[in-house]
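Just below is one structure, and these are the notes that go with it.
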Amino acid sequence: MSESAAQNDLFLVQACQRGDADAWESLVRRYQRLVYAIPRRAGLNDDQCADVFQRTFATLVEKIGGLEQPERVGAWLVTTARRESWRVSRRERSTVSLPGTNTDDGEEQEAELADTSALPDELVLRLEQQHQVRTALQQLDERCRTLLTMLFYRTDAPPYAEIAARLGTSEGSIGPTRARCLQKLRTVLEQQGW
Amino acid sequence: MSNPTNLPYDLLVDLAEGRLSAEESTRLRQTVAANPQAAAELAWLEQTLGLMRSDDSEDAPDHVINRALRLVRPPTPAPAAPGLLQRLLASLRFDSMNQPLAMGVRSGGATVRQLLYNADDRDIDLRIVPEGTLWRISGQILGPDESGEVLLHSSDVSVTAELNTLSEFNLPLVPAGAYNLTIRQGNCEIEIGDIFIRTETE
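Respectively, the protein sequence lines represent chains A and B. Using the working numbering, the first residue of the first sequence is number 116, and each one after it goes up by one. Using the working numbering, the first residue of the second sequence is number 14, and each one after it goes up by one.
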């Protein structure tokens, strides 16, 4: 966790401890995507993801006064979401009987169920890194945000001509602008200890 | 590119992005390999672009975020004087049965129906799930932490449940029908009318 991001989280948690609803909203919105990604990556369905999300933040409300490292609330949320995902998955396994599981290949079919206990550390680390990059991107100016999002977050990156039209600039300036925006992104990430 | 320490950054981005031809890419990588500074720059670009391109995360649905936001509320006005019962009529804010599948509330074959109500400083999250020929109604009151009870009643059925420490409740199974729900919590009584419990095809 970067120093400035940690200080920001510390500030937010301390404000939440005082019952500051605005700080709570900032905290939830900052981490909503990351927290939601954990059960989603674990293969849980929409309702289950919503349950994990609510339970994770409800647990934070319950424990927020006693967090040992409030500056690491992001890591705490990830750990809690992982645990809740595992619980939901386990509950699902114990209550749902899949059609066909009584057949000879029942064990194999059961193995295809979501298994959050096997959500690997590397995957969670990657989710956290993606969260950090996305958070840094939000700190760039709108032009850079739009450009980098169109180029690297869309599965079908549009041609430079389309991006240029969207940004109201020439096609030839997209490449150099892209490079400058990535340098700005790097600066923000470095400031955050990346 | 005679001076490897001055590789144009734009060119490194093209390489990391995969915009160069195989021949150009091979040639440039050989140049970069001999330049630790450029190699580090390229490694950073490839890692960061890789993270961005593989980031298929999605925003949590609005109703899911809003439910979490309601866990902490701004200070509310002073409560009514003790002993005075405050009666409130809850209004429906959300019914998953009325939402298109794209809202993602009922996908995956789930049969949970979610209804969200609001009454003054409280939100009521209701979940209705079929169990055989009957229905299970559970939920949570999001608002002041107070003990209380929930009463579900129709012309011929009446069931109750206590709120737990998280203001959650779980009512006994009931048949399909038209119900009213009364929540008594602290000095507040919330009425939710016209809860029609049925399958979507009915």
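Each residue gets a CB set at the ideal place from its N, CA and C atoms; glycine is no exception. If you're wondering where the values come from, they're calculated on a predicted model, not measured in any experiment.
DSSP, reduced to helix, strand and coil, places Gly-189(A) within a helical segment of the structure shown. With a cutoff of 8 angstroms on beta-carbon distance, Val-172(B) and Leu-194(B) are scored as not near each other. Three or more Cβ pairs closer than 8 angstroms define a contact, and the segment 19-37 of chain B meets that threshold against the segment 287-300 of chain A.
In the structure shown, Asp-134(B) falls within a coil segment according to DSSP collapsed to helix, strand and coil.
Chain order gives the chain B residues near Phe-172(A) as Ala-81 and Leu-84, where near means a beta carbon separation below 7 angstroms. In this structure, DSSP gives Ala-103(B) a state outside helix and strand, which the three-state scheme calls coil. Per the DSSP secondary-structure output, Ala-191(B) pairs in a beta bridge with Phe-209(B). Less than 8 angstroms separates the beta-carbon of Leu-41(B) from that of Leu-28(B). Residues of the segment 145-169 of chain A whose Cβ lies closer than 9 angstroms to any Cβ of chain B, in chain order: Gln-147, Arg-148, Leu-149, Val-150, Tyr-151, Ala-152, Arg-155, Arg-156, Leu-159, Asn-160, Asp-161, Asp-162, Gln-163, Cys-164, Ala-165, Phe-168 and Gln-169. Between Leu-165(B) and Leu-125(A), the alpha-carbon positions lie close to 43 angstroms from each other. Sorting Arg-258(A), Val-248(A) and Ala-294(A) by C-alpha distance to the C-alpha of Glu-305(A) places Val-248(A) at the top.
In this structure, Leu-255(A) places its C-beta atom within 8 angstroms of the C-beta atom of Val-303(A). Using a Cβ distance threshold of 8 angstroms, Asp-133(B) and Leu-155(B) do not count as a contacting pair.
Counting along the chain, the unbroken beta strand (DSSP E) around Ile-154(B) starts and ends at 147-155.
Scanning its chain for C-beta atoms nearer than 6 angstroms, with the 5 sequence neighbours on each side dropped, one finds around Leu-102(B) the residues Glu-204, in chain order. Under the three-state reduction of DSSP, Ser-200(A) is assigned to helix. In the three-state reduction of the DSSP assignment, Gln-127(B) falls in the strand class, which pools E and B.
Contact between Glu-286(A) and Ala-294(A) fails: their C-beta atoms lie close to 15 angstroms from each other, not under 8 angstroms.
In the displayed model, Thr-173(B) falls within a strand according to three-state DSSP. Look at Glu-181(B) here: in three-state DSSP terms it is strand.
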